[in-house]
């Protein structure tokens with residue numbers, strides 16, 4: 067069963083890719099048809115098409131209209147429906163949905179004219195036409211017709227039938243007619259099987275596709291209006307089966323609807339000039355009209371604004387409205403006032419359907435209005451008459467009125483670029499009218515939708531006093547305020563001469579695009595959300611001067627807006643961004659009482675790194691700084707080891723009292739630094755996404771590579787000096803009585819010292835790993851372990867062991883402390899600079915590693931990286947302080963032991 071399911075999924079994926087590639091190919095460039103139209107069915111065409119031809123009124127276009135006809139007669143994504151006579155055209159597989167009551171389907175039809183051939187005879191002429199009709203049933207998606215041979219394809223959630231047609235075109239009276247005969251591979255049902263019960267057949271690939279039967283007895287009739295105007299634009303069609311009723315390849319009649327496209331020449335109708343908008347429309351917006359005023363601009367500016375609208379309008383709940391096929395022309399009246407004539411199709415669609423799908427549909431139904439009207443530039447109103455898409459025969463039946471205007475003022479409550487209504491003309495009452503519509507573009511599209519009217523808009527700051535009092539209430543302490551003013555720098559205006567440029571730059575710095583977690587949520591991992599906040603208005607700047615829009619942190623309640631919401635945004639300082647990633651803290655709280663149903667608990671969010679202009683420069687500076695820091699640390703390490711060698715040359719008697727295990731750990735650490743594929747001394751915290759996208763590596767490669775080579779050479783010198791030190795200690799132990807005299811306590815054998823030291827490292831490793839596990843569990847809210855955690859556990863433990871080996875030299879003084887505690891000698895084998903200096907250098911590295919943040923890509927989700935980069939020693943919280951404390955304690959013990967060697971009585 068699993069293999070069969072996998073086969074189904076692969077086949078379905080293959081079919082989807084084929085359909086997608088076919089769609090993209092057609093959308094980007096017109097595919098060359100592989101079909102040759104021979105027009106060898108003339109007798110059949112005359113037989114079936116003669117009843118629709120009125121020869122006395124028949125006319126034929128001239129030869130120069132080939133291309134014009136080809137574009138005018140084609141249409142895409144029209145609607146189709148079938149008469150319910152028990153003989154469906156094709157099946158549809160609903161197994162793509164888990165629930166039998168899923169989303170509705172779309173029945174779309176597209177027709178593409180492929181060939182026009184005007185043939186002249188002695189007495190008359192005829193126009194031969196070849197084309198392809200594609201009919202589909204889909205789940206909320208449009209499609210593009212196939213230009214290949216007749217075919218039928220079906221996958222879960224999508225069926226498409228392609229019919230190749232040829233026939234004649236003629237113009238008769240007020241109509242233009244296409245009469246075509248088609249050839250198709252029709253799907254038929256198997257005998258003795260319930261008719262196409264595809265949803266219960268457990269479709270599992272090609273072998274369960276319906277049986278196909280080649281059929282050339284398909285008649286397509288398409289009627290086009292002679293003129294393209296307000297009440298004359300509908301394309302009506304019908305598909306009929308010429309086969310015997312009830313035969314295997316018979317199907318019920320199919321009806322098609324679409325409309326003329328932009329390639330046709332639209333004619334505005336003088337008689338359809340809309341009546342003046344009723345005063346009721348103005349009364350519907352009386353409060354907004356007086357408070358927000360109305361924009362007035364020329365007809366050309368209005369056309370540019372209307373055609374720039376990229377998102378749907380809001381209408382009744384769960385429904386949207388789009389303007390399609392917008393034709394807008396500026397005209398000048400007798401008073402030189404530049405108004406505009408507008409024609410458009412208004413389509414209402416459920417919010418569950420994708421916007422692009424609704425926008426590309428061309429069918430006419432009771433959810434479409436065909437509208438035409440005038441933009442009055444003096445009053446700032448658009449008045450249009452609308453006809454239902456199903457009834458467009460006479461002007462008297464166009465009893466809808468559309469009213470739109472552009473408010474001049476934006477505010478925290480008024481977020482609409484366009485306001486308006488759709489109402490019925492006449493005395494009849496209807497509970498659904500008027501429909502209030504408004505256009506509120508999403509923040510990312512505001513700068514595209516605002517158009518030329520943006521220069522006229524202004525913003526009304528109505529909450530400044532309330533926000534000021536809220537800020538004073540949450541004022542930080544005087545010490546925090548003094549620290550911020552003295553040492554930290556925040557985004558602010560700097561150049562008072564060019565205020566507008568500074569405001570534009572400041573607005574860019576205040577924008578937020580980042581992932582964030584809920585600070586007080588128990589499950590922080592699953593609380594990650596994406597925050598998008600753009601500045602809508604800043605001081606006197608608004609609209610096109612400021613990129614995009616502010617995050618409207620408000621709750622929509624019906625048609626109202628809840629403004630009893632406090633939002634506090636704490637921006638990070640500009641200082642030290644190369645070291646600490648800038649992160650924004652946002653607190654959202656309600657001013658409503660707790661018993662109010664709209665009250666909500668306070669939400670505290672903290673973002674990951676936010677994008678800013680100089681991120682690449684700061685990352686490059688961090689890399690250069692760390693390369694220089696590694697050189698300085700490595701040089702200091704080499705100097706300290708060399709000073710210990712010099713000290714041993716002056717104090718030969720103390721050489722044998724040094725621990726060989728201690729020196730061996732130093733050699734092991736330096737060797738691991740050189741030969742392991744990691745950065746020297748200080749591991750990089752750059753994420754893979756940032757490393758892949760970073761371009762500064764190439765720019766600064768001539769600087770970074772030599773610095774890395776210098777660091778490795780210096781560490782190599784330190785390694786050689788440490789090996790020299792090891793040889794001296796080893797030779798001294800062999801030359802004298804290394805195990806002490808009778809008066810001295812004997813030193814443990816080297817093997818015993820190694821075992822003791824190994825035990826110490828194992829204990830420390832287990833303790834730190836346990837602390838790390840507890841810390842990570844607390845960070846993840848003690849989530850229950852799954853099987854994946856146990857699978858990854860061995861790899862995590864191996865990584866911890868590797869990291870411990872690499873950093874074992876941080877505890878290099880442990881063997882010396884153990885030796886001195888067992889063998890209380892009277893000499894000082896280690897120079898103070900040696901054990902204090904090496905410990906201090908390690909503390910510097912730890913402090914810097916603790917302070918610095920990872921180098922992250924601000925445009926990626928870095929949640930997984932943040933959870934996995936807390937390596938064994940480069941982690942925060944309790945674990946980050948454990949190793950430095952141990953280092954300081956061991957160094958203190960060694961210092962006390964060496965001090966007691968010369969002041970034994972005092973120590974006793």
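Numbering (my numbering), first residue to last: 67 to 974. We put the beta carbon where it would ideally sit given N, CA and C, even for glycine.
Selected residue, minimal CA-CA separation from residue i, among the options
i: residue 776; options: 200, 305, 700, 908; result: 700
i: residue 753; options: 696, 926, 601; result: 926
i: residue 410; options: 295, 485, 480; result: 295
i: residue 554; options: 572, 640, 431; result: 640
i: residue 528; options: 504, 580, 475; result: 475
i: residue 313; options: 464, 171, 781, 154; result: 154
i: residue 389; options: 178, 413, 219; result: 413
i: residue 674; options: 924, 395, 223, 772; result: 924
i: residue 320; options: 302, 789, 331; result: 302
i: residue 207; options: 426, 334, 160; result: 426
i: residue 658; options: 703, 631, 718; result: 631
i: residue 950; options: 963, 918, 911, 965; result: 911
i: residue 163; options: 395, 523, 205; result: 205
i: residue 171; options: 137, 223, 141; result: 223
i: residue 652; options: 116, 723, 586; result: 586
i: residue 539; options: 909, 634, 732, 825; result: 634
i: residue 228; options: 248, 731, 360, 290; result: 248
Residue i vs residue j beta-carbon contact at 7 Å
i: residue 133; j: residue 193; result: no
i: residue 489; j: residue 500; result: yes
i: residue 583; j: residue 594; result: yes
i: residue 693; j: residue 746; result: no
i: residue 283; j: residue 308; result: yes
i: residue 669; j: residue 650; result: no
i: residue 725; j: residue 892; result: no
i: residue 740; j: residue 789; result: no
i: residue 173; j: residue 198; result: no
i: residue 408; j: residue 452; result: no
i: residue 503; j: residue 381; result: yes
i: residue 791; j: residue 729; result: yes
Range of the contiguous alpha helix (DSSP H) that encloses residue i
i: residue 898; result: 898 to 917
i: residue 275; result: Where residue 275 is concerned, there is no enclosing alpha helix (DSSP H), given that its DSSP letter is neither H nor E.
i: residue 489; result: It is not in any alpha helix (DSSP H) - residue 489 instead sits in the beta strand (DSSP E) that spans 484 to 490.
i: residue 730; result: 726 to 741
i: residue 533; result: 530 to 539
i: residue 108; result: 108 to 115
i: residue 714; result: 681 to 716
i: residue 132; result: 132 to 138
Contact set for residue i: own chain, Cβ-Cβ below 8 Å, skip 5 residues either direction
i: residue 901; result: 879, 882, 957, 960, 961
i: residue 678; result: 575, 643, 648, 924
i: residue 122; result: In this predicted model, residue 122 has a pLDDT of only 38, less than 50, meaning its place in the structure is not dependable enough to derive any value.
i: residue 331; result: 294
Strand pairing of residue i, partner residues [DSSP]
i: residue 321; result: 147, 304
i: residue 633; result: 654
i: residue 598; result: 579
i: residue 452; result: 437, 466
i: residue 313; result: Bridge partners of residue 313: none, in fact.
i: residue 225; result: 203, 220
i: residue 332; result: 294
i: residue 153; result: Paired residue(s): none; residue 153 is not in a bridge.
i: residue 527; result: Looking at the DSSP assignment, residue 527 forms no beta bridge with any residue, so it has no partner.
6 Å CB neighbourhood of residue i in its chain, flanking five on each side removed
i: residue 936; result: Unreliable placement is indicated for residue 936, whose pLDDT of 42 sits below 50; no coordinate value is reported for it.
i: residue 326; result: 294, 299
i: residue 611; result: Because the pLDDT of residue 611 is 43, which lies under 50, any placement of that residue in the model is unreliable, and the number read from its coordinates should be weighed accordingly. Result list for residue 611: empty, nothing under 6 Å.
i: residue 477; result: 526, 528
i: residue 175; result: 144, 146, 201, 322
i: residue 305; result: 286, 320
Residue interval of the beta strand (DSSP E) (run including residue i)
i: residue 391; result: 385 to 398
i: residue 243; result: 241 to 254
i: residue 415; result: 404 to 416
Close-in-space but distant-in-sequence residues of the same chain around residue i (CB under 7 Å, 5 per side omitted)
i: residue 456; result: 430, 431, 432
i: residue 405; result: 365, 397, 399, 440, 441, 442, 443
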